[in-house]
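Working notes, structure below.
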């Protein structure tokens, strides 16, 4: 496949692996946090860790939108569909995420709630147009990557006067999460030497918003694409910065990311959304200014205002280590539930659901490294 | 010309729809059977009009298999539920190394379903059965109220015979055996998905639905000591290999670079965040045979139109953990696991 196979080339990978082996001096460890689930997925799917010297380790970051969504928000979404009988349109990844009381969107659907999997906001709009008598709510989730399409949907609904369409907004922002990880790093938190920065997010926001990382935390950042060669080349760039004692924001993913990002998309987001005072992240807790809600001018499209719901207290699964795994403090195999009661067929925590989640990636692709787990 | 005096007015096959009386056992049902099913599926045994078909099996051991078909949409690029229900069961019978003889078909129709579409489905079944030489010799029709079905469900049961001495079974894979596939993977699943999700791809991907019994017959004739045959339908290659590894108590190692996948299927999967190894096929088989017979088997498969793109993709290995592992194109290795839940597209 053109423009894809080039970034999965075995010979280039071997060359990069040699360069990394030569650059990574044996006298120290290189602990590199890959921020995104997309990186984690590539590392496991292509066996990138196999090609690394033992002192270069990837630490999995919190950049999987499904994984960081707190259970309360899934409970809320289920309540929209069950208490208000709305048609809830969601991206498919969310269907199996565990909610309180062993519920999930998939189980709520089986019990009769009208929950539909869609590929884009446009599908949700189409469903709303087709049946004006039915309230259609779009379950908006994701980092800055998926936010502009939600903004377009809001503007389209407004322009068409689509009165039966609204948005349950769960869009979150990358820089505050990165700041929290770095602020808590150190002896008690995660230990890391460099960051593989988000690729698709940076296509939208640019590389500039990460300037605080070298400036305030003295850590290097390399914006890294999601193909395996991207990840390897970015690891090499990080190792070189670390060896040179430099820390700067470098951009490996130059084929789409610029310093300023996509200005048009940023303008759309600024028009439709405003920053929430605080929002809960699974694993990271309540982070100030870390998420978006619909701006006042679009508040009539806000499903949280249109359909007030009564959600009980959240019941987290006892023993689930997703929060520590999302902070990079623990590895999936440190969790007692991993591979015993928690598997992709019966996920207890969100990291086991999405194929970008660290636990699911460990289980699905890396289990043979610890065959006792089967 | 209508020669059956029981039904003075013919069914309206242009504008008519299925109603509850078509499943009630009375004259309306008899008319539906006569004018929709018998007329197209016609054969000597069906014509007898009994609730069962009576025949003497040829020598060999009997094979029986059944399969319910619930595909949505009912018509898709490259096929429809009619031919699919014939191919699916013929293939399940054939995977024992058997020659399929006859099919039985059970229809569950939803009230309100257009008769003209039902006729298209039955015609497609008839064409598939005739082409395969495996007639539908008995059947059943039920009607459920509107909203309780999805248009048409078809369950088919097939019987066949396998020659004495041929023992092909999922528990026969042995370490050292070669693993082969008969052609490009993922066509059916992507064809269905492209219609279901209104994804307008520039290239139309067609289902690979096909009856594989003639391919199997050629393979068994050339390599009678074949160990396993299975068609990787739901769950795709990955799930089928895990089933076979589990049944035989072995591990498997496959090479990503040897697995045949069309570029357009692989592109569609890339776009949708799906793994083609888990996508369904309806006209492909996996064969496992002793390594020293693999070259012969591959040659026979490639000489058959349904096996032209056949490939040897890996080996059976001893592994108490029964892992299916894949050497990635990238030079690493990873597990190819059972499918968890259903395969769902990713957000980003």
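Residue numbers (our numbering), protein chains in the order written: chain C, 1 to 374; chain X, 1001 to 1348. The C-beta atom is built at its ideal place from N, Cα and C for all residues, glycine as well.
Problem set entry | Terminal residues of the beta strand (DSSP E) in which residue 117 (chain C) lies | The sequence position of residue 117 (chain C) within the first chain is 117, counting from 1. Unbroken beta strand (DSSP E) run through residue 117 (chain C): 115-117.
For this session: List the DSSP bridge partners of residue 291 (chain C).
Result: On the first chain, position 291 is the one that residue 291 (chain C) refers to. Paired residues: C:172.
For this session: List the residues of chain X that residue 1 (chain C) touches, going by C-beta distances under 7 Å, in chain order.
Result: For this step, residue 1 (chain C) is matched to residue 1 along the first chain. Near residue 1 (chain C) (Cβ distances below 7 Å), the residues of chain X are 1263, 1266, 1267, 1270.
For this session: Give the secondary structure of residue 35 (chain C) by DSSP, where H, G and I count as helix, E and B as strand, and everything else as coil.
Result: Indexing the first chain from 1 puts residue 35 (chain C) at position 35. Strand at residue 35 (chain C).
Exercise. Looking only at C-alpha atoms, which of X:1010, X:1180, X:1319, X:1075 sits nearest to residue 1195 (chain X)?
Worked result: Taking the first residue of the second chain as 1, we reach residue 1195 (chain X) at position 195. Here the closest residue by C-alpha is X:1075.
Problem set entry | Residues near residue 1137 (chain X) in its chain [Cβ-Cβ closer than 6 Å; skip 5 each side] | Your numbering for residue 1137 (chain X) matches position 137 in the second chain. Answer for residue 1137 (chain X): 1045, 1046, 1053, 1102, listed in chain order.
Problem set entry | Identified DSSP bridge partners for residue 251 (chain C) | For the purposes of this step, residue 251 (chain C) is taken as the residue at position 251 of the first chain. Answer by DSSP bridge pairing, in chain order: C:223.
Exercise. Buried or exposed: which applies to residue 305 (chain C), given that a residue is buried once 16 or more other Cβ atoms fall within 10 Å of its Cβ?
Worked result: By 1-based counting over the first chain, the position of residue 305 (chain C) is 305. Per the 10 Å Cβ criterion, exposed.
Exercise. Hey, is the stretch 187-194 of chain C in contact with the stretch 3-16 of chain C, meaning 3+ C-beta pairs nearer than 8 Å?
Worked result: Output reads no: the stretch 3-16 of chain C does not touch the stretch 187-194 of chain C.
Problem set entry | beta strand (DSSP E) segment containing residue 275 (chain C), residue limits | Locating residue 275 (chain C) in the first chain gives position 275, counting from the first residue. 273-275 is the span of the beta strand (DSSP E), which, as asked, contains residue 275 (chain C).
Problem set entry | Rounded straight-line distance, which links the Cα of residue 1229 (chain X) to that of residue 1031 (chain X) | Against the second chain, residue 1031 (chain X) aligns to sequence position 31. Against the second chain, residue 1229 (chain X) aligns to sequence position 229. Going by the C-alpha atoms only, they are around 41 Å apart.
Problem set entry | Extent of the continuous beta strand (DSSP E) run through residue 138 (chain C) | For the purposes of this step, residue 138 (chain C) is identified with residue 138 of the first chain, where counting begins at 1. Looking at the DSSP string, the run of the beta strand (DSSP E) that includes residue 138 (chain C) is 136-142.
Exercise. From this set, X:1022, X:1071, X:1015, X:1094, which residue's C-alpha is nearest residue 1084 (chain X)'s C-alpha?
Worked result: Locating residue 1084 (chain X) in the second chain gives position 84, where the first residue counts as 1. Checked all of X:1022, X:1071, X:1015, X:1094; the closest Cα to residue 1084 (chain X) is X:1071.
Exercise. Out of X:1049, X:1119, X:1209, which has the shortest C-alpha to C-alpha gap to residue 1285 (chain X)?
Worked result: By one-based count along the second chain, residue 1285 (chain X) stands at place 285. Closest by alpha carbon: X:1209.
For this session: Check the C-beta distance from residue 1290 (chain X) over to residue 1185 (chain X) and give it rounded, since I have them as a contact under 8 Å.
Result: Position 290 of the second chain, counted from the start, is the residue given in the question as residue 1290 (chain X). Position 185 of the second chain, counted from the start, is the residue given in the question as residue 1185 (chain X). Not confirmed; about 24 Å, so no contact.
Exercise. Can you tell me where the beta strand (DSSP E) with residue 1103 (chain X) in it begins and where it stops?
Worked result: Within the second chain, the letter at position 103 stands for residue 1103 (chain X). Its beta strand (DSSP E) spans residues 1099-1110.
Exercise. Is there at least one Cβ from chain X nearer than 7 Å to residue 373 (chain C)'s Cβ?
Worked result: Sequence index remark: in the first chain, residue 373 (chain C) carries index 373 (1-based). With a pLDDT of 38 at residue 373 (chain C), under the threshold of 50, the modelled position of this residue cannot be trusted, and the question is left open.
For this session: Starting from the Cα of residue 1106 (chain X), find the closest Cα among X:1128, X:1142, X:1221 and give me that residue.
Result: Within the second chain, residue 1106 (chain X) is the residue found at index 106, counting from 1. Of the listed residues, the one whose Cα sits closest to residue 1106 (chain X) is X:1142.
For this session: Could you confirm whether any beta carbon from chain C is found closer than 7 Å to the beta carbon of residue 1328 (chain X)?
Result: As a position in the second chain, residue 1328 (chain X) is number 328, starting the count at 1. So, interface residue.
Problem set entry | Residue range of the alpha helix (DSSP H) that includes residue 1263 (chain X) | Along the second chain, one-based indexing puts residue 1263 (chain X) at 263. Element bounds for residue 1263 (chain X): 1263-1272.
Exercise. Can you name the residues of chain C whose CB is closer than 8 Å to the CB of residue 1121 (chain X)?
Worked result: Mapped onto the second chain, residue 1121 (chain X) falls at position 121. Near residue 1121 (chain X) there are no residues of chain C at all, since even the closest Cβ is about 26 Å away, more than 8 Å.
Exercise. Is the Cβ of residue 1196 (chain X) closer than 7 Å to any Cβ of chain C?
Worked result: Taking the first residue of the second chain as position 1, residue 1196 (chain X) is located at position 196. For residue 1196 (chain X), the answer is no, since every Cβ of chain C falls outside 7 Å of its Cβ.
For this session: Leaving out five residues on either side along the sequence, give the residues of the same chain with a beta carbon under 6 Å from the beta carbon of residue 1173 (chain X).
Result: Locating residue 1173 (chain X) in the second chain gives position 173, where the first residue counts as 1. Only 1227, 1228, 1244, 1248, 1250, 1288, 1316 meet the Cβ criterion.
Exercise. Near residue 1348 (chain X), what residues of its chain come up, given a Cβ to Cβ distance below 7 Å and the 5 sequence neighbours on each side ignored?
Worked result: Within the second chain, residue 1348 (chain X) is the residue found at index 348, counting from 1. Reliability fails at residue 1348 (chain X), whose pLDDT of 43 lies under 50, so the model's placement of it is uncertain and no value is given.
Exercise. According to DSSP, is residue 1144 (chain X) helix, strand or coil?
Worked result: Locating residue 1144 (chain X) in the second chain gives position 144, where the first residue counts as 1. Of the three classes helix, strand and coil, the one that applies to residue 1144 (chain X) here is strand, per DSSP.
Exercise. For residue 63 (chain C), which residues in chain X fall below 7 Å Cβ to Cβ?
Worked result: As a first step, residue 63 (chain C) is located in the first chain; it is residue number 63 there, counting from the start. Ordered by position in chain X, no residue passes the 7 Å Cβ test against residue 63 (chain C), which lies about 10 Å from the chain.
Problem set entry | residue 259 (chain C) vs residue 207 (chain C) beta-carbon contact at 7 Å | Mapped onto the first chain, residue 259 (chain C) falls at position 259. Mapped onto the first chain, residue 207 (chain C) falls at position 207. Yes, they are a contact pair.
Exercise. Is the beta carbon of residue 1018 (chain X) less than 7 Å from the beta carbon of residue 1111 (chain X)?
Worked result: Here residue 1018 (chain X) refers to the residue found at position 18 of the second chain. Here residue 1111 (chain X) refers to the residue found at position 111 of the second chain. In this structure, residue 1111 (chain X) lies closer than 7 Å to residue 1018 (chain X) by Cβ.
Exercise. In three-state terms, what does DSSP make of residue 1315 (chain X)?
Worked result: Within the second chain, numbered from 1, the residue matching residue 1315 (chain X) stands at position 315. Strand.
Problem set entry | Distance between beta carbons of residue 196 (chain C) and residue 234 (chain C), contact taken as under 8 Å | Numbered from 1 along the first chain, position 234 holds the residue referred to as residue 234 (chain C). Numbered from 1 along the first chain, position 196 holds the residue referred to as residue 196 (chain C). Yes, they are in contact, since the Cβ atoms of residue 234 (chain C) and residue 196 (chain C) sit about 5 Å apart, within 8 Å.
For this session: Name, going along the chain, the residues of the stretch 343-359 of chain C whose beta-carbon falls closer than 8 Å to a beta-carbon of chain X.
Result: 343, 344, 345, 354, 355, 356
Problem set entry | Inter-residue spacing [alpha-carbon to alpha-carbon] between residue 459 (chain C) and residue 1266 (chain X) | Nothing can be reported for residue 459 (chain C): it is not among the residues displayed for chain C, which extend from 1 to 374.
Exercise. Is there at least one Cβ from chain C nearer than 7 Å to residue 1253 (chain X)'s Cβ?
Worked result: In the second chain, the residue the question calls residue 1253 (chain X) occupies position 253. By this cut-off, residue 1253 (chain X) is not an interface position.
For this session: Please classify residue 1338 (chain X): does DSSP put it in a helix, a strand, or coil?
Result: Here residue 1338 (chain X) corresponds to residue number 338 of the second chain, with the count starting at 1. Residue 1338 (chain X): coil per DSSP, three-state reduction.
For this session: Give the straight-line distance between the Cα atoms of residue 1320 (chain X) and residue 1241 (chain X), rounded to the nearest whole angstrom.
Result: For the purposes of this step, residue 1320 (chain X) is taken as residue 320 along the second chain, with counting starting at 1. For the purposes of this step, residue 1241 (chain X) is taken as residue 241 along the second chain, with counting starting at 1. Distance between the alpha carbons of residue 1320 (chain X) and residue 1241 (chain X) is about 15 Å.
Exercise. Around the Cβ of residue 293 (chain C), are there at least 16 other Cβ atoms within 10 angstroms (buried) or fewer (exposed)?
Worked result: As a position in the first chain, residue 293 (chain C) is number 293, starting the count at 1. Buried: at least 16 other Cβ atoms inside 10 Å.
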